[in-house]
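Undergrad: Here it is: the structure, laid out below.
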Amino acid sequence: MNAAIVITLLCSCLLHPTFGQDCPSRQEIHGSLKQVQKLLSAHEASYLQSLRNLKKKINLLQSSAGKQATRAINGTCPKLEAPINGRKLGKSHSVGHEVHVLCDPGYELVGTESRVCQESLSWSGQQPTCRDINECTSSPCLNGGTCVDEVNQFSCVCAKGWAGATCQSPVPTFFVTMTNTSAAISPATAAAAASTLPAATTGPFVRPSRCTIIQGTTHCTCEPGYTISGRDSNTCTDIDECELFHNGQAGKLCLHACVNTPGGYRCTCPAGYNVTRDGRSCKDIDECATRQNNCTKDQMCINTYGGFQCVRVDCPKIPNATYVKTSPMRCERNPCPLDNKACSQTPNSFSYHYLAVVSNLSAPRVMFRVSALRPIGETLRFSLLGGRQTRRHFTVQRSDRVTGQLMLVSPVQGPAMLEADVEMSELERRVQLGRYITKVTMYVSQYEF
Ligand SMILES: [Ca+2]
Ligand SMILES: [Ca+2]
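Residue numbers (mature numbering (1 follows the signal peptide of the UniProt record, and there is no 0)): -20 to -1, 1 to 429.
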């Protein structure tokens, strides 16, 4: 019943009694007014009740918001220690803050890289550890050599007949016969008849021979590394081992260069390499480990074969998104504004990796693996980004459900620098959840050792 209409009707009758028979009787008016009064009090009661309910709800909300705020301000998670052979980035242990763990060069992270202090005052994820990277995984030692994993490097114990950093060079199976004796003589006879003949000697490469006269015949011998040359048995000349064996069937005498010396020879190596203990191979000098580099504080030193590189990781500048460095080798996207589709389609992170290899490395071979630590989507897709130059040398394959591998498909002649970007995208029902780019830079040395 509409109270406003009843009241209007009653007011008109009271003000204009001339309406006569159309107006209700006084008794009827009294009844109607009573009804309106009842209606209004019912409305009033209902309004008051809803007001009380609303007040209650507001109070409840206010108290729960207050509790959350105090928890967030006061709560801290237990102190996190940096793992052995690694370090921790981020000092705040308050709720909502993140810490990142980074391993030293030569170590890989096992566990959770970034951990968040949760409202439950515990850290998300698993305590990370830094594990020595096994450089032997890619089987770098050739020709039956055994790989020995060392911190940040490996060494090869070569099978018999092979030498070099990766056992790539055959060892010559012949060696110089160092003495030149024309006859076998018994020591007693030799001593009795020994006499040294005067000889014309000039310079260190020519020496007098040592001659013995036995029963009227002269037998001459030379010092090791010398030989009697021509008809003159009185002089010995140095054997040029470098010339003699420079292209032997079983390989070179020296891995790089041979220098002839009086009575012998020695091997030399190009700048950036040291001669190995066996005297014939070359081993790269690690300028980054030995501080023989000039990289500045904001650069990273990358050891390469025959040299080193100073690199600086700068986060990419691309439209619609901004990136922040979360570790020396990684940039992550800042959160996108809500409903900004262009931003959410940009890569979530960029990781940077540097590899050093020797020239003409045999192919195919796995150069790098990319794995998803905590896959969210149902599918991971791995692909190679980059132009023709990249595709000529690389391809990307899946090695298991969560791992993709960058393969070298053709040998590269150094010196050269190649770049390959591996994209890992995470999909759920064909919808892209995230894109992660790994930028691999490969430094190829000039020499094959
Ligand atoms: Ca010599
Ligand atoms: Ca080096």
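Virtual Cβ for every residue (Gly too), placed ideally from N, Cα, C.
(1) Straight-line CA distance for residue 26 to residue 5?
(2) Tell me the DSSP secondary structure of residue -11 in three-state form.
(3) Give the DSSP-derived three-state secondary structure of residue 33 in the structure shown.
(4) With distances taken from CA atoms, which of 331, 284, 413, 329 is nearest residue 339?
(5) Could you check if residue 232 is buried or exposed, using at least 16 other CB atoms within 10 Å of its CB as the buried criterion?
(6) For ligand 2, is there any heavy atom lying closer than 8 Å to the beta carbon of residue 285?
(7) From the DSSP output, read off the bridge partner residues of residue 23.
(8) When every heavy atom of ligand 1 is checked, does at least one fall within less than 8 Å of the C-beta of residue 243?
(9) Got a sec? Which residues, its chain only, sit under 7 Å from residue 203 by beta carbon, not counting five neighbours each side?
(10) Roughly how many angstroms separate the alpha carbons of residue 10 and residue 33, rounded to a whole number?
(11) Can you find a heavy atom of ligand 2 that lies under 8 Å from the Cβ of residue 130?
(12) List the endpoints of the continuous alpha helix (DSSP H) containing residue 222.
(13) So what does DSSP say about residue 370, is it helix, strand or coil?
(14) Counting Cβ pairs closer than 8 Å, one from the segment 383 to 392 and one from the segment 297 to 317, do we hit at least three?
(15) Would residue 155 be called buried (16 or more neighbouring beta carbons within 10 Å of its own) or exposed?
(16) How about residue 81 and residue 58: are their beta carbons less than 9 Å apart?
(17) Could you say which of 225, 250, 368, 212 lies nearest to residue 428 if we only look at CA atoms?
(18) Taking residue 120 as the reference, give the member of 130, 134, 108, 110 with the closest Cα.
(19) Between residue 253 and the rest of its own chain, which residues show a CB-CB distance below 7 Å, the 5 nearest in sequence each way excluded?
(20) Within the same chain, show all residues whose beta-carbon is closer than 6 Å to that of residue 401, passing over the 5 residues directly before and after it, in chain order.
(21) For residue 313 and residue 321, what's the separation of their Cα atoms in angstroms?
(22) Are the Cβ atoms of residue 332 and residue 291 separated by less than 9 Å?
(23) Should residue 218 be labelled buried (16 or more other beta-carbon atoms within 10 Å of its own) or exposed?
(24) With a threshold of 6 Å on Cβ separation, who are the neighbours of residue 329 within its own chain once the five nearest residues in sequence on each side are excluded?
(25) From residue 21 to residue 28, what distance separates their C-alpha atoms?
(26) Is any non-hydrogen atom of ligand 2 found closer than 8 Å to the C-beta of residue 264, if you look at the structure I gave you?
(27) Quick check on residue 145: buried or exposed, where buried means 16 or more other Cβ atoms within 10 Å of its Cβ?
(28) Could you tell me if the beta carbon of residue 288 falls within a distance shorter than 8 Å of some heavy atom in ligand 2?
(29) Just how far apart, CA to CA, sit residue 73 and residue 56?
(30) Does the Cβ of residue 205 lie closer than 8 Å to at least one heavy atom of ligand 1?
(31) In the DSSP output, which residue or residues are listed as bridge partners for residue 397?
(32) From the DSSP output, in three-state form, read off residue 11 for me.
(33) For residue 102, name the three-state secondary structure that DSSP assigns.
(34) Helix or strand or just coil, what does DSSP make of residue 139?
(35) Should residue 125 go down as buried or exposed, given a rule of 16 or more other Cβ atoms within 10 Å for buried?
TA: The short version:
(1) Note on geometry: alpha-carbon atoms of residue 26 and residue 5 lie some 32 Å from one another.
(2) No answer about residue -11 holds up, because its pLDDT of 44 lies below 50 and its placement is not dependable.
(3) Helix at residue 33.
(4) Nearest C-alpha to residue 339: 284.
(5) Counting the other Cβ atoms within 10 Å of the Cβ of residue 232 gives 16 or more, which makes it buried.
(6) Because some heavy atom of ligand 2 lies under 8 Å away, the Cβ of residue 285 counts as near it: yes.
(7) Residue 23 has no beta-bridge partner at all, per DSSP.
(8) Shortest gap from the CB of residue 243 to any heavy atom of ligand 1: under 8 Å.
(9) Excluding residues within five positions, the ones whose Cβ falls inside 7 Å are 187, 216, 243.
(10) Rounded to the nearest angstrom, the two C-alpha atoms are 35 Å apart.
(11) In this structure, ligand 2 has no non-hydrogen atom nearer than 8 Å to the beta-carbon of residue 130.
(12) Where residue 222 is concerned, the enclosing alpha helix (DSSP H) stretches over 221 to 224.
(13) The answer is helix: DSSP assigns residue 370 an H, G or I state.
(14) Segments in contact, no.
(15) Because residue 155 carries a pLDDT of 34, less than 50, the predicted location of this residue cannot be relied on, and no value is offered for it.
(16) Taking the C-beta atoms as reference points, residue 58 is found no nearer than 9 Å to residue 81.
(17) It is 250.
(18) The option with the nearest alpha carbon to residue 120 is 134.
(19) Excluding residues up to 5 positions away in sequence, 262, 263, 264, 265, 286 lie with their Cβ nearer than 7 Å to the Cβ of residue 253 in the same chain.
(20) Taken in chain order, the residues that qualify are 365, 366, 417, 419.
(21) C-alpha separation (whole angstroms): 14 Å.
(22) Yes, Cβ-Cβ distance for residue 332 and residue 291 is below 9 Å.
(23) Its Cβ being crowded by 16 or more others within 10 Å, residue 218 is buried.
(24) The residues are 312, 416.
(25) So the two alpha carbons sit approximately 11 Å from each other.
(26) Yes, the Cβ of residue 264 comes within 8 Å of a heavy atom of ligand 2.
(27) Burial call: buried.
(28) Residue 288 Cβ: within cutoff of ligand 2.
(29) Linking residue 73 to residue 56 through their CA atoms gives a straight-line distance of about 5 Å.
(30) Under cutoff, so the answer is yes.
(31) DSSP lists 423 as the beta-bridge partner residues of residue 397.
(32) Helix, per DSSP.
(33) Here residue 102 sits in coil by DSSP.
(34) If DSSP states are grouped into helix, strand and coil, residue 139 belongs with coil.
(35) That one is buried.
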